[in-house]
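Student: Protein chains in written order, with this note's numbering: chain A, 2 to 208; chain B, 22 to 822.
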């Protein structure tokens, strides 16, 4: 039951989603070659600042009642949504990921140096790519679990969604040792750098 | 038992099918460790081995996929060697003679340095421990399988090869996208693994036969080893909580003929396959002849996620030269402090400028080069996809780099110096690296082509003893300064030409030496590069921007530089005099547009580089600053807004236009002041991202847009408390306040600000926005709403009245 650290996760940039996030419409938006080159250049530049890292841990469930899941290591999650999610699980996966501090510094620096175009593209690349990290971790664990005839639940939950209170971020953060990924947690339970995510999913036996 | 390599020349070898699913079918309960369960139930696993043998498997895998220290630790403490030995013995006894037993090594479940937290040497030791047990159990060969991290595959392969020379297969597992989860494609994995000593390479698990067929087709042209495919019985599907592989035996074996004609040499089945699937495969390959690997060697380099094939390339391979502390004080200082951010930056810059490969040299006096190169290799392995050249005179540093580097590297360099030959050739062989052959003998630098040629053939003769071919080497043509050795350019070109056309090897030049001591060195370098390319040069260690020099150089400049390089200009006198007389080249900006049109176009197209110049031109041509603002620039930025509204522009274009406008406006401000046009009072707008929220990019866009429309924006930043916003409203007597929030949890703080303002009877209007904010929410808290920067300008203008 150790935390598994993924120090450098390599994911191709989800280019169509990056463009879509920036409001690109395939049928309407018109770009000249210079603009295209500039945007592509900034996407590539953003990638050089992004350092995708993650950590994950499998933890057995000790007990589930109507509104509370008690895990080993003394972890308790009070949430009916989670109870539902873990209905067929004896174990769960807690996972977290970040795009790193360098990209956030680059976004900040570019905003300050008044190169907001670059900053906005950097921001879109980081936001979209970090969204792919948890599916990457899930894919990784599903491969591992397949050999044990197990799989992860299709749904996952993040703190702050449904009745799974944002305060649980602290437990998740500590359990995943996210400090080692360079992530900090504010007193309002916000992960810094802001392009950081966490979630929990159930591990079920494939019957 | 016949040698596997010989058998592979004659026929397709059949591997076994799935073990895990068979064990479950035959009674293994859920949640147990398969390896330990098999030790307690030996008859079950032996029956599976026997069934596969009976079905036609030439090779069966030991049930040791997860029998490594990390995986077995989940089930208590165990003697790893013994577990592996016993399971290997069970397999051997089950199949007897006539069927090969492959010691099966699976992943540890941890990513290996530099991709994960498992140290590389620890990974090697973990695999060595497992392989040792399998050897003691009498396996005939090894199979390293289902690997998604190329570095883990390397660690396992090195572990096995350091113990034994037994036939070793490595199979990676690829996504449907054609890459491992860690981003390695089949050709890159093949180049890395076959050069590192894998006797067969391929893929298993993840996909069904159809996708895997494509991977085999991709690999075959570059393979010098037999290829392996062990697909699942289709793609796994999760049906009612059960992982299902629904491909029947005939459907599974349907692609057999195509697999063989595409070049597969070993074929089996992974998850969901059964002895019946294997039997069907066996029947279908009986009459099919294998296609032997097409080549004995390959000129190719790889990183963890990219490969560069050097053969048959039409374009020059640009080897970025910047990661070298010689003459770079800042880099030297950084490396001494153990820092690497500048290295990262240099790698990034060169990659963006078009380098194909990066040269890495961290040799600094008084520095622990072994430790430094380790840090730098780890950094670059993940931060660039470009393959690396390990450039060092320190043999230990080269060894450290080669062992750790998750690809096939190029060593820079091996000369005829005896110690280097003796130590570096075996190292290059062990780690499968290519190397730059530096035609230096034992003593001085050979100045003539003939002497260089003698050295090249002598060094290559030694390399051949280790099995190197011409494809494994790149010859350095040796570049000396023409300012001190006038004929050296010609001798270098002769060497390059002979290597490329007669000796038929790749060639490389460390280009910048050639221009040492001359003015306008980039010009000399660029021209020499062009001549060398015409003589067959395939690679150059250069500044990647050099090619741009030629494009901006006059024919006369080129001729003068050529004369120096070909020793037609004694002491480079004519060249030096020409350069002294030539004014620097200025970019031609002649355009047919009027000054106003240029300004307008620059804003509409977001041209921030030239707007200032265009505005200056417009003022110079007599247009009044006031007219330029109101008749040219504001209509232009309004047009950008319209295009954005129609979705003909998207966000980057909107912002680029706004930034261009702002730069132009800043330039105009002193001129407007002169005309007394900035005296009229601007409306103050306060902007803030509310308490608890750290997202501010949307708010920054709104600020930029409002400033461009003549508002006095006071931006309070992010995570701003209610009290601070209220104070600012009072201080600036702001009539309009914009609040931003991205999260549902912080959105509520907008309401708090508005209520507090009401309570204090502040006469201001609010506008809110942000990802989760809606129009109805805005209305519910008594605020206006805008979905983006363009709408925010409209709303604020309306509020101003």
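Heads up, the beta-carbon is just placed ideally off N, CA and C, and yes, glycines get one too.
Since we're looking at a predicted model, the values are computed, not measured.
(1) Residue 563 (chain B) and residue 550 (chain B): beta carbons closer than 8 Å?
(2) Excluding the 5 residues preceding and the 5 following residue 623 (chain B) in the sequence, name in chain order all residues of the same chain whose CB lies nearer than 7 Å to its CB.
(3) Residue 613 (chain B) CB to nearest chain A CB: under 8 Å?
(4) Using DSSP's beta-bridge definition, name the partner residues of residue 787 (chain B).
(5) Under 8 Å, do residue 170 (chain A) and residue 186 (chain A) count as touching if we go by C-beta distance?
(6) Write down the C-beta distance between residue 30 (chain A) and residue 668 (chain B) rounded to the nearest angstrom, noting that I regard them as a contact closer than 8 Å.
(7) Give the residues from the stretch 105-119 of chain A that approach chain B closer than 8 Å (Cβ to any Cβ), ordered along the chain.
(8) State buried or exposed for residue 702 (chain B), treating a residue as buried only when at least 16 other CB atoms are found within 10 Å of its CB.
(9) Could you tell me which whole beta strand (DSSP E) segments of length 3 or greater appear in the stretch 60-114 of chain B?
(10) With 9 Å as the limit, tell me which residues of the stretch 616-635 of chain B have their beta carbon closer than that to any beta carbon of chain A; keep them in chain order.
(11) Based on DSSP bridge pairs, tell me the residues matched to residue 197 (chain A).
(12) Between the stretch 153-179 of chain A and chain B, which residues of the former have CB atoms less than 9 Å from a CB of the latter, in chain order?
(13) Considering only C-alpha positions, which residue in the set B:136, B:56 and B:133 is nearest to residue 112 (chain B)?
(14) If we count the other Cβ atoms within 10 Å of its Cβ and call it buried at 16 or more, is residue 627 (chain B) buried or exposed?
(15) Verify whether the separation of the beta carbon atoms of residue 236 (chain B) and residue 195 (chain B) is less than 8 Å.
(16) Sorted by chain position, which residues of the same chain lie with C-beta nearer than 7 Å to residue 214 (chain B)'s C-beta, five sequence neighbours on each side aside?
(17) Report the rounded CA-to-CA distance for residue 163 (chain A) versus residue 80 (chain A), giving the unit in angstroms.
(18) At 7 Å on the CB atoms, spell out the chain A contacts of residue 670 (chain B), in chain order.
(19) Would a check of beta-carbon distances place residue 713 (chain B) closer than 8 Å to chain A?
(20) Using 8 Å as the cut-off, can you tell me whether the stretch 732-751 of chain B makes contact with the stretch 768-775 of chain B, which would need three or more C-beta pairs spanning the two stretches below that distance?
(21) Check whether the stretch 45-54 of chain B touches the stretch 299-315 of chain B, taking contact to mean three or more Cβ pairs, one atom from each stretch, closer than 8 Å.
(22) Measuring straight from C-alpha to C-alpha, what distance separates residue 666 (chain B) and residue 710 (chain B)?
(23) So is residue 471 (chain B) in contact with chain A if we call contact Cβ pairs under 8 Å?
(24) By DSSP, does residue 166 (chain B) sit in helix, in strand, or in coil?
(25) Less than 8 Å between the beta carbons of residue 751 (chain B) and residue 708 (chain B), yes or no?
(26) I want to know whether the stretch 124-138 of chain A touches the stretch 190-198 of chain A - three or more CB-CB distances under 8 Å.
(27) Quick check on DSSP: helix, strand or coil for residue 61 (chain A)?
(28) Would a check of beta-carbon distances place residue 729 (chain B) closer than 8 Å to chain A?
(29) Classify residue 152 (chain A): buried if its beta carbon has 16 or more other beta carbons within 10 angstroms, exposed otherwise.
(30) Take residue 342 (chain B) as the anchor and find which of B:448, B:438 and B:533 has the nearest alpha-carbon.
(31) Is the beta carbon of residue 788 (chain B) sitting closer than 8 Å to the one on residue 820 (chain B)?
(32) Are the Cβ atoms of residue 250 (chain B) and residue 268 (chain B) separated by less than 8 Å?
(33) Please compile the residues from chain A whose C-beta is within a distance smaller than 8 Å of the C-beta of residue 676 (chain B).
(34) Residue 24 (chain A) CB to nearest chain B CB: under 8 Å?
(35) How about residue 309 (chain B) and residue 278 (chain B): do their beta carbons lie closer than 8 Å?
(36) Could you check whether the Cβ of residue 336 (chain B) sits closer than 8 Å to any Cβ belonging to chain A?
Tutor: Let's see:
(1) In the second chain, counting from the first residue as 1, residue 563 (chain B) sits at position 542. In the second chain, counting from the first residue as 1, residue 550 (chain B) sits at position 529. Taking 8 Å as the cut-off, the Cβ atoms of residue 563 (chain B) and residue 550 (chain B) count as close.
(2) The count along the second chain starts at 1 and reaches residue 623 (chain B) at position 602. Cβ within range, chain order: 631, 632, 635 and 681.
(3) Within the second chain, residue 613 (chain B) is the residue found at index 592, counting from 1. No, residue 613 (chain B) lies away from the interface with chain A (no Cβ there is under 8 Å from its Cβ).
(4) Counted from its first residue, the second chain places residue 787 (chain B) at position 766. According to DSSP, which records beta bridges pairwise, residue 787 (chain B) is partnered with B:758.
(5) Within the first chain, residue 170 (chain A) is the residue found at index 169, counting from 1. Within the first chain, residue 186 (chain A) is the residue found at index 185, counting from 1. For residue 170 (chain A) and residue 186 (chain A), yes; Cβs fall inside 8 Å.
(6) Along the first chain, one-based indexing puts residue 30 (chain A) at 29. Along the second chain, one-based indexing puts residue 668 (chain B) at 647. Correct: roughly 6 Å between the Cβ atoms.
(7) So the list reads 108, 112, 115, 116, 117 and 118, given in the order they occur along the chain.
(8) Walking along the second chain from the start, residue 702 (chain B) turns up at place 681. So residue 702 (chain B) counts as exposed.
(9) You should have 80-82.
(10) When CB distances to chain A are screened at a threshold of 9 Å, the residues of the stretch 616-635 of chain B falling below it are 626, 627, 628 and 629, in chain order.
(11) Working through the first chain from its first residue, we reach residue 197 (chain A) at position 196. Under DSSP, the beta-bridge partners assigned to residue 197 (chain A) are A:99.
(12) Of all residues in the stretch 153-179 of chain A, 155, 161 and 167 have a Cβ within less than 9 Å of some Cβ in chain B.
(13) As a first step, residue 112 (chain B) must be located in the second chain, where it is residue number 91. Comparing Cα positions, the closest option is B:56.
(14) Along the second chain, read from residue 1 onward, the residue named residue 627 (chain B) stands at position 606. Burial check for residue 627 (chain B): the Cβ neighbour count within 10 Å reaches 16 or more, so the residue is buried.
(15) Residue mapping note: residue 236 (chain B) aligns to position 215 of the second chain, counting from 1. Residue mapping note: residue 195 (chain B) aligns to position 174 of the second chain, counting from 1. Result yes, Cβ atoms of residue 236 (chain B) and residue 195 (chain B) sit closer than 8 Å.
(16) In the second chain, the residue the question calls residue 214 (chain B) occupies position 193. Excluding five sequence positions before and after residue 214 (chain B), the CB atoms of its chain that fall closer than 7 Å to its own CB belong to 174, 178, 191 and 222, given in chain order.
(17) The sequence position of residue 163 (chain A) within the first chain is 162, counting from 1. The sequence position of residue 80 (chain A) within the first chain is 79, counting from 1. Computed Cα separation, rounded: 8 Å.
(18) Translated into positions along the second chain, residue 670 (chain B) becomes position 649. Scanning chain A for C-beta atoms nearer than 7 Å to the C-beta of residue 670 (chain B) yields 30, reported in chain order.
(19) One-based indexing of the second chain puts residue 713 (chain B) at position 692. Proximity of residue 713 (chain B) to chain A, defined by a Cβ-Cβ separation below 8 Å, is satisfied.
(20) Touching, yes.
(21) Taking a cut-off of 8 Å for Cβ pairs, the stretch 45-54 of chain B and the stretch 299-315 of chain B do not touch, as fewer than three such pairs fall below it.
(22) Within the second chain, residue 666 (chain B) is the residue found at index 645, counting from 1. Within the second chain, residue 710 (chain B) is the residue found at index 689, counting from 1. Each residue's CA atom was taken as its position, placing residue 666 (chain B) and residue 710 (chain B) some 24 Å apart.
(23) Locating residue 471 (chain B) in the second chain gives position 450, counting from the first residue. It does not: the Cβ of residue 471 (chain B) has no partner Cβ on chain A nearer than 8 Å.
(24) On the second chain, position 145 is the one that residue 166 (chain B) refers to. In the structure shown, residue 166 (chain B) falls within a strand segment according to DSSP collapsed to helix, strand and coil.
(25) By 1-based counting over the second chain, the position of residue 751 (chain B) is 730. By 1-based counting over the second chain, the position of residue 708 (chain B) is 687. No; because the gap between Cβ atoms is not below 8 Å, this pair is not in contact.
(26) Judged by Cβ distances under 8 Å, the stretch 124-138 of chain A makes contact with the stretch 190-198 of chain A, as three or more pairs qualify.
(27) Taking the first residue of the first chain as 1, we reach residue 61 (chain A) at position 60. DSSP places residue 61 (chain A) in strand when its eight states are reduced to three.
(28) Residue mapping note: residue 729 (chain B) aligns to position 708 of the second chain, counting from 1. No, no contact with chain A.
(29) Within the first chain, numbered from 1, the residue matching residue 152 (chain A) stands at position 151. Its Cβ being crowded by 16 or more others within 10 Å, residue 152 (chain A) is buried.
(30) For the purposes of this step, residue 342 (chain B) is identified with residue 321 of the second chain, where counting begins at 1. The shortest Cα separation from residue 342 (chain B) among B:448, B:438 and B:533 belongs to B:533.
(31) Taking the first residue of the second chain as 1, we reach residue 788 (chain B) at position 767. Taking the first residue of the second chain as 1, we reach residue 820 (chain B) at position 799. Taking 8 Å as the Cβ cut-off, residue 788 (chain B) and residue 820 (chain B) qualify as a contacting pair.
(32) Residue mapping note: residue 250 (chain B) aligns to position 229 of the second chain, counting from 1. Residue mapping note: residue 268 (chain B) aligns to position 247 of the second chain, counting from 1. No, they are not a contact pair.
(33) Counted from its first residue, the second chain places residue 676 (chain B) at position 655. Neighbours of residue 676 (chain B) on chain A, chain order: 117, 118 and 121.
(34) Taking the first residue of the first chain as position 1, residue 24 (chain A) is located at position 23. Closer than 8 Å: yes.
(35) Position 288 of the second chain, counted from the start, is the residue given in the question as residue 309 (chain B). Position 257 of the second chain, counted from the start, is the residue given in the question as residue 278 (chain B). Yes, the pair counts as a contact, with Cβ atoms nearer than the cut-off.
(36) Translated into the one-based positions of the second chain, residue 336 (chain B) becomes position 315. Judged by the 8 Å Cβ criterion, residue 336 (chain B) is not in contact with chain A.
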